[in-house]
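Since the structure comes first, as structure tokens, the remarks are kept for the end.
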Amino acid sequence: MTKTPDAQAPSPDEAAASENAPSQDTAANATANSDAGDTAAGRAAAGADKPEGAHRRAVTAGTAPAIDRNRRPLPGGAGRAAGGGTAASPSGGLLQSADRRGILMGLLTAGAAVVVGSVIGDRGQGGTTQDVAPTGNTVNATIKVQGMRFVPDKVDVTPGDRLVITLDNTADQVHDLVLATGETTGRVAAGAKGRLEVDTVPGPIEGWCSIAGHRAQGMVFHVTAGGAAAGSHQHGGGQSKQTGSGKDAVPDYSAHLPAGFKAFDATLPPAPSSPDGGPMTHRHTFTVKEQVMQVGAGVTQRRMTFNGQVPGPVLRGKVGDTFEITLVNDGTMSHSLDFHAGITPPDQAMRSINPGESLVYTFKAQHSGIWLYHCSTSPMSLHLASGMHGAVIIDPPGLPAVDREYVIVASEVYLGPEGGEPNTDKIAAKTPDLMTFNGVAFQYHQQPLKAKVGERVRFWVMAAGPSLPTSFHAVGLQFDQVFFEGAWTLGGPSRIGAAWSGGSQALGLQPAQGGFVECVASEPGHYVFVTHSFADMEKGAHGVLEVSA
Numbered sequence: 001m002t003k004t005p006d007a008q009a010p011s012p013d014e015a016a017a018s019e020n021a022p023s024q025d026t027a028a029n030a031t032a033n034s035d036a037g038d039t040a041a042g043r044a045a046a047g048a049d050k051p052e053g054a055h056r057r058a059v060t061a062g063t064a065p066a067i068d069r070n071r072r073p074l075p076g077g078a079g080r081a082a083g084g085g086t087a088a089s090p091s092g093g094l095l096q097s098a099d100r101r102g103i104l105m106g107l108l109t110a111g112a113a114v115v116v117g118s119v120i121g122d123r124g125q126g127g128t129t130q131d132v133a134p135t136g137n138t139v140n141a142t143i144k145v146q147g148m149r150f151v152p153d154k155v156d157v158t159p160g161d162r163l164v165i166t167l168d169n170t171a172d173q174v175h176d177l178v179l180a181t182g183e184t185t186g187r188v189a190a191g192a193k194g195r196l197e198v199d200t201v202p203g204p205i206e207g208w209c210s211i212a213g214h215r216a217q218g219m220v221f222h223v224t225a226g227g228a229a230a231g232s233h234q235h236g237g238g239q240s241k242q243t244g245s246g247k248d249a250v251p252d253y254s255a256h257l258p259a260g261f262k263a264f265d266a267t268l269p270p271a272p273s274s275p276d277g278g279p280m281t282h283r284h285t286f287t288v289k290e291q292v293m294q295v296g297a298g299v300t301q302r303r304m305t306f307n308g309q310v311p312g313p314v315l316r317g318k319v320g321d322t323f324e325i326t327l328v329n330d331g332t333m334s335h336s337l338d339f340h341a342g343i344t345p346p347d348q349a350m351r352s353i354n355p356g357e358s359l360v361y362t363f364k365a366q367h368s369g370i371w372l373y374h375c376s377t378s379p380m381s382l383h384l385a386s387g388m389h390g391a392v393i394i395d396p397p398g399l400p401a402v403d404r405e406y407v408i409v410a411s412e413v414y415l416g417p418e419g420g421e422p423n424t425d426k427i428a429a430k431t432p433d434l435m436t437f438n439g440v441a442f443q444y445h446q447q448p449l450k451a452k453v454g455e456r457v458r459f460w461v462m463a464a465g466p467s468l469p470t471s472f473h474a475v476g477l478q479f480d481q482v483f484f485e486g487a488w489t490l491g492g493p494s495r496i497g498a499a500w501s502g503g504s505q506a507l508g509l510q511p512a513q514g515g516f517v518e519c520v521a522s523e524p525g526h527y528v529f530v531t532h533s534f535a536d537m538e539k540g541a542h543g544v545l546e547v548s549a
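Under UniProt numbering, the residues of the sequence shown are numbered 1 to 549, in order.
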């Protein structure tokens with residue numbers, strides 16, 4: 001870092017924030033040889049507004065700093081302040097356009113959700129509130145990113161100095177730096193640079209990366225004043241603790257889903273076939289969106305999604321088929337894909353891509369089963385818990401047709417503030433508030449799945465986690481066919497409907513495991529399907545199979 005006399009006081013940038021936000025897409029299963037991608041018409045403008053009004057609401061939401069002081073773009077592709085426009089990727093393309101992508105979407109992260117609260121609370125804790133006389137000196141500091149760390153992770157100044165920090169994002173995904181006094185670099189693409197300035201440093205200041213989960217993984221920064229740090233935010237090992245759970249949403253397990261809510265369509269269509277009956281190619285587009293969605297129990301959360309739905313599109317094919325998936329990152333941070341159904345080197349296919357970028361992921365289905373796919377960008381536990389998971393079903397050879405097929409993806413929800421990002425402390429502790437089938441707790445209790453007496457029903461079940469198992473059970477029914485992790489463990493294609501003494505009561509799955517079970521109801525009734533881990537069942541992992549005559 002260098003310390004030089006000031007030449008002149010910088011002029012402030014105008015702060016602005018976009019209020020465009022995408023509408024929620026209707027959840028739908030993707031079909032073969034179709035484009036299940038984003039639709040531009042799905043984005044509705046929130047309406048024109050005055051800049052000061054837009055900025056005020058952005059500050060309230062935590063998506064723009066309360067103070068927007070003197071942040072200037074660096075030449076050659078530097079990131080501008082989050083409230084001020086765009087940040088460039090190394091190739092010169094825009095990382096994100098506030099008026100096109102809706103900067104309000106997704107910026108309410110585990111760190112950013114509390115930026116405004118931190119600005120208010122941390123000024124008294126992280127520095128001083130009294131006036132500090134300018135010293136006339138400028139401290140210039142450049143910090144890089146290594147893994148989930150700022151390097152160096154502190155800079156020492158004298159109170160009253162002017163501080164200019166350049167963030168050189170040497171990592172492989174988007175990062176930013178936010179100070180407790182409100183200044184921010186804005187989102188900075190991998191390989192790009194961003195800058196922030198503090199006119200007059202009041203004293204020790206804490207900083208962090210506001211991308212969801214990054215602060216909890218150790219991306220914290222300290223502005224020390226004469227060697228003194230803002231001690232109220234220091235934690236062992238460089239970790240910075242997330243805001244307390246007192247601000248987290250509280251689930252109401254008896255709450256009804258809102259009027260007009262439509263449950264995720266669990267119906268599973270048959271695998272498509274090529275005209276000649278041979279292997280075929282399935283082409284789909286997965287568009288990353290970050291949006292507020294229902295999670296059940298009277299709570300909404302900001303979810304990370306593929307095509308605006310949780311779980312993501314359900315893909316289905318046969319052994320020998322090829323899948324060509326185009327991933328489009330329309331979010332506000334780096335994302336990626338990992339298909340367990342494919343055997344492929346992860347180096348390129350599973351790499352993280354910046355907002356505005358895309359990649360094509362191609363794999364050949366070589367083995368049957370129900371396979372997990374998910375975002376593999378760090379921290380993976382957060383991205384999965386936020387909704388970035390789905391299933392690929394590859395039919396085993398000889399799989400018989402049944403009357404009805406349903407797909408159930410079990411996952412956990414760790415509540416943060418209402419409408420906000422998940423609580424990363426809960427994710428690390430594996431203490432979910434909700435357990436869901438297909439992304440929303442209790443949804444199939446209020447909107448049951450259907451069957452008729454004598455129909456054979458097949459449930460494909462996947463444990464998406466990110467961390468806890470599931471034990472799928474149907475109250476009042478028994479399973480006479482069980483397929484687990486690629487093989488029949490009970491029954492088989494030649495024994496459908498055969499009489500024998502064996503049966504199954506539950507399909508136990510660890511995270512990323514899956515299979516299917518089959519059952520036949522001989523009488524009308526309401527058959528409850530659950531995870532037989534009852535503490536988890538009571539948090540939302542149950543539904544109803546309504547059987548009519």
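Every residue gets a Cβ at the ideal spot worked out from N, C-alpha and C, and that includes glycine.
Express the C-alpha separation of Phe-479 and Ser-210 in angstroms, rounding to a whole number. Taking the straight line from one Cα to the other gives about 47 angstroms.
Backbone CA spacing between Ala-141 and Val-151 [nearest angstrom]: Computed Cα separation, rounded: 11 angstroms.
For the putative contact between Arg-495 and Gly-420, defined by C-beta atoms under 8 angstroms, what is the C-beta separation to the nearest angstrom? Going by Cβ atoms, the distance from Arg-495 to Gly-420 rounds to 50 angstroms, so no, they are not a contact pair.
Separation of Lys-154 from Ser-386, as counted between CA atoms: Computed Cα separation, rounded: 31 angstroms.
Could you give the DSSP three-state label for Lys-247: helix, strand or coil? Note: Lys-247 maps to helix in three-state DSSP.
Compute the Euclidean distance between the alpha carbons of Gly-508 and Val-461, then round it to the nearest angstrom. C-alpha separation (whole angstroms): 10 angstroms.
Beta-carbon within less than 6 angstroms of Tyr-253's beta-carbon, same chain only, minus the 5 sequence neighbours each way: which residues are those? In the same chain as Tyr-253, and ignoring 5 residues on each side of it, the C-beta atoms closer than 6 angstroms to its own belong to Ala-297, in chain order.
So, using beta-carbon positions, are Leu-196 and Glu-183 closer together than 8 angstroms? In this structure, Leu-196 sits near Glu-183, with a CB-CB distance shorter than 8 angstroms.
To the nearest angstrom, how far is it from the Cα of Met-219 to the Cα of Met-148? Met-219 and Met-148: Cα-Cα distance of roughly 6 angstroms.
Whole angstroms are fine: how far does the CA of Ala-441 sit from the CA of Leu-468? About 15 angstroms.
Going by the beta-carbon positions, is the gap between Leu-434 and Leu-415 smaller than 8 angstroms? Cβ distance < 8 angstroms, so Leu-434 and Leu-415 count as in contact.
When the distance is taken between beta carbons, is Gly-331 closer than 8 angstroms to His-445? Not closer than 8 angstroms, so no.
Rounded C-alpha distance that separates Ile-343 from Ala-487: Cα to Cα, the separation comes out at about 19 angstroms.
Please confirm whether Val-392 and Tyr-361 have their CB atoms less than 8 angstroms apart. Taking the C-beta atoms as reference points, Tyr-361 is found no nearer than 8 angstroms to Val-392.
By Cβ distance below 7 angstroms, which residues in the same chain neighbour Glu-518 in space, the five residues on each side in sequence not counted? A distance below 7 angstroms between beta-carbons, with the five flanking residues on each side excluded, links Glu-518 to the following residues of its chain, in chain order: Val-402, Arg-456, Val-457, Arg-458, Phe-479, Asp-480, Gln-481.
Count the other CB atoms within 10 Å of the CB of Gly-369; is the residue buried (16 or more) or exposed (fewer)? Result: buried.
Can you name the residues that DSSP bridges to Thr-285? Paired residue(s): Thr-326.
Am I right that Leu-315 and Leu-327 are in contact with their C-beta atoms under 8 angstroms? What's the rounded C-beta distance? Contact doesn't hold; Cβ gap of about 13 angstroms is too wide.
Could you tell me which residues DSSP puts in a beta bridge with Gln-366? Paired residues: none, contrary to the question.
Residues bridged to Met-435 (per DSSP): Its beta-bridge partners are Glu-412.
Sort out for me which residues DSSP pairs Gly-525 with in a bridge. Answer is Val-547.
Since I believe Ala-266 is in contact with Val-407 (beta carbons under 8 angstroms), could you give me their beta-carbon distance rounded to a whole number of angstroms? Going by Cβ atoms, the distance from Val-407 to Ala-266 rounds to 6 angstroms, so yes, they are a contact pair.
N-terminal and C-terminal residue of the alpha helix (DSSP H) that His-473 is part of: Counting along the chain, His-473 falls outside any alpha helix (DSSP H), though it belongs to the beta strand (DSSP E) covering 470-474.
Looking only at DSSP bridge pairs, what is Thr-531 linked to? According to DSSP, Thr-531 bridges with Phe-472.
Name, in chain order, the residues that DSSP records as bridge partners for Ile-143. Note: Ile-143 sits in a beta bridge opposite Leu-167.
On the premise that Met-537 lies in contact with Val-530, defined as a C-beta separation below 8 angstroms, what is that separation, rounded to the nearest angstrom? Confirmed, Cβ separation roughly 4 angstroms.
Exposed unless 16 or more other CB atoms sit within 10 angstroms - verdict on Glu-412: So Glu-412 counts as buried.
Shortest alpha-carbon distance to Val-319 belongs to which of Glu-357, Ala-451, Ser-274, Met-350? The residue with the shortest Cα to Cα distance from Val-319 is Ser-274.
If I'm right that Ala-521 touches Leu-477 with Cβ under 8 angstroms, what's the distance once you round it to whole angstroms? Yes, they are in contact, since the Cβ atoms of Ala-521 and Leu-477 sit about 6 angstroms apart, within 8 angstroms.
Could you pull the start and end residues of the beta strand (DSSP E) that Ile-394 belongs to? In the DSSP assignment, Ile-394 falls within the unbroken beta strand (DSSP E) covering 389-395.
Please classify Asp-276 as buried or exposed, where buried requires at least 16 neighbouring CB atoms within 10 angstroms. So Asp-276 counts as exposed.
Can you tell me whether Met-380 is helix, strand or coil according to DSSP? Reduced to three states, the DSSP call for Met-380 is helix.
From what residue to what residue does the alpha helix (DSSP H) around Lys-426 run? Its alpha helix (DSSP H) spans residues 424-429.
Can you give the Cα-Cα distance for Asp-161 and Thr-185, rounded to whole angstroms? Asp-161 and Thr-185: Cα-Cα distance of roughly 19 angstroms.
Could you tell me the distance, in whole angstroms, from the CA atom of Pro-345 to the CA atom of Thr-377? Spanning the alpha carbons of Pro-345 and Thr-377 requires a straight line of approximately 16 angstroms.
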